[in-house]
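Comments concern the structure below.
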Amino acid sequence: MNCAPPSDISSISISRRQQAQHQEPPNKHDSVKSFFATPDLLVNIFCLLIDDNFLPSLGSLSLVSKNFHRASQSDQLWREVCYKRWRGKWGFHPRWQKALADYYNCIEKERQTKRLPQEKTTEVARQFWRSRYFSEEQDATRNRILADELETLVFDFRFWIGQPTVIDGHIVVKSGLLESASTEVRFSRPIKVGENSREEDSLGPMWSVRGLLEGHPCKEPGIEWFLDEPSGVVQWGFLPNLWPQGSVQRLDNWGWQIQNPNVVLRSIDPLPSSTSILEAGESGETRLKSKLDEAERIMFTSDNLWKDLLETLENVPLRNTPSVNGFRVTADIPRAFIGQYE
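Numbering (this note's numbering), first residue to last: 49 to 390.
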């Protein structure tokens with residue numbers, strides 16, 4: 049049997065110990081650096097952090113390293129940012145579906161123009177969702193509405209002031225916001241005003257578009273509406289005696305509101321059919337949802353549409369109506385509009 053002399057074995061052991069002593073221990077920082085060097089992993093982590101305060105944090109994260117900056121610019125990340133931001137806003141489903149359609153159309157158009165293979169990432173795919181996010185944020189600040197857009201909306205119509213009742217020896221006028229007068233109001237059939245001088249003379253120079261108002265609570269036919277697109281002023285009624293002028297406003301939830309001293313209308317977010325609901329999958333693909341989740345179901349209810357006003361109702365004395373037959377008169381008014389009725 050061939051065995052190495054003991055002296056040789058000892059020298060080998062000593063040599064290995066010396067090598068071990070001179071070998072640098074593993075650097076924990078190198079391990080962490082290696083862990084965060086994978087862009088896809090960083091993007092997935094960032095996606096888990098998305099909330100209402102995510103963008104300021106993303107700006108800080110992008111300064112950590114080149115890999116962090118690259119991940120912060122990822123279109124996959126911005127697609128998820130768009131999805132989660134828009135999901136709680138009015139008009140989510142048509143907005144999301146239009147964005148998806150535009151995204152795939154742009155990619156296909158670029159591939160055909162540049163003759164790119166299917167597997168090659170296009171410039172559009174690297175920039176689309178971030179650009180779309182800021183475009184929608186900018187559009188959400190717009191208070192002007194064009195007649196063509198107004199025609200596509202359906203409104204919930206409610207009166208500011210409701211029915212009176214006697215409570216504890218005085219008359220309380222309940223808020224008209226508690227009950228819808230109509231959920232089918234449409235500003236339909238818009239046509240340009242002023243195409244002939246006779247029409248402009250009869251209406252005055254203010255209005256740019258006119259049409260028929262459908263679904264009004266009075267249920268009388270022939271109610272017309274008039275819109276000045278530059279200013280957002282709208283008015284409706286029977287010529288020549290129109291009801292008070294109203295104004296178009298954009299709500300914080302990105303919906304539309306039209307109000308005058310008597311009534312207020314809010315655009316209804318239509319409940320989509322189950323076959324038209326698209327959501328983003330974890331890997332970025334889209335899939336059909338079989339039904340709305342509980343949060344979305346609540347979002348589409350009429351109570352949620354008026355929640356901000358209903359939660360601020362206050363009972364205040366009505367201006368110019370101190371009493372009726374000796375009864376003190378008060379009314380339930382949203383806090384933001386109390387000055388108009390006190």
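Every residue, glycine too, gets a C-beta built ideally from N, C-alpha and C.
Query	Result
If you drop the 5 nearest sequence neighbours on each side, which residues of the same chain put their C-beta closer than 7 Å to that of L287?	E272
Which residues in the same chain as W255 place their Cβ atom closer than 7 Å to its Cβ, once the five residues preceding and following it in sequence are excluded?	V241, F274, L275, D276
Is it buried or exposed, E185, if we count other Cβ atoms within 10 angstroms and call 16 or more buried?	exposed
For D380, which beta-bridge partners are listed by DSSP?	N363
From F235 to R376, what distance separates their C-alpha atoms?	39 Å
D276 bridges to which residues according to DSSP?	V281
Would you report the Cα separation of Y151 and Q145, rounded to the nearest angstrom?	10 Å
Can you give me the start and stop residues for the beta strand (DSSP E) that R237 sits inside?	230–240
What does a CB cutoff of less than 6 Å around G285 pick up in its chain, not counting 5 residues either side in sequence?	W291
Is DSSP giving S338 helix, strand or coil here?	Note on S338: pLDDT 41, under 50, position unreliable in the model; the coordinate value appears next. S338 falls in the coil class under three-state DSSP.
Using the Cα positions of E232 and E158, report the straight-line distance between them to the nearest angstrom.	42 Å
Taking the Cβ atom as the reference point for each residue, do F207 and N301 lie within a distance shorter than 8 Å?	no
Is the beta carbon of V282 closer than 8 Å to that of I306?	yes
So, with DSSP's three-state summary, where would you put K114?	helix
DSSP state of N153, grouped into three classes?	helix
Let me know the secondary structure DSSP gives G387 once reduced to three states.	helix
Going by the CB atoms, is the gap between W177 and R127 shorter than 8 Å?	yes
Three or more C-beta pairs closer than 8 Å, one from the region 352–361 and one from the region 194–203: is that the case here?	no
On the three-state DSSP scale, how would you describe Q186?	helix
Just how far apart, CA to CA, sit A119 and S179?	16 Å
What is the residue span of the beta strand (DSSP E) that E262 lies within?	257–262
Does the Cβ-Cβ distance between I316 and D204 come in under 8 Å?	yes
In its own chain, which residues sit with a C-beta less than 8 Å from the C-beta of Y181, not counting the 5 before and 5 after it?	W126, V129, C130, R133
So what does H141 bridge to, in DSSP terms?	The partner list for H141 (beta bridge, DSSP) is empty, contrary to what the question assumes.
Would A379 pass as a contact of L366 if the rule is Cβ separation under 8 Å?	yes
Note the first and the last residue of the continuous beta strand (DSSP E) segment covering K222.	218–223
Enumerate in chain order the residues of its own chain whose CB-to-CB distance from I193 is below 6 Å, with the five nearest sequence positions on each side excluded.	V296
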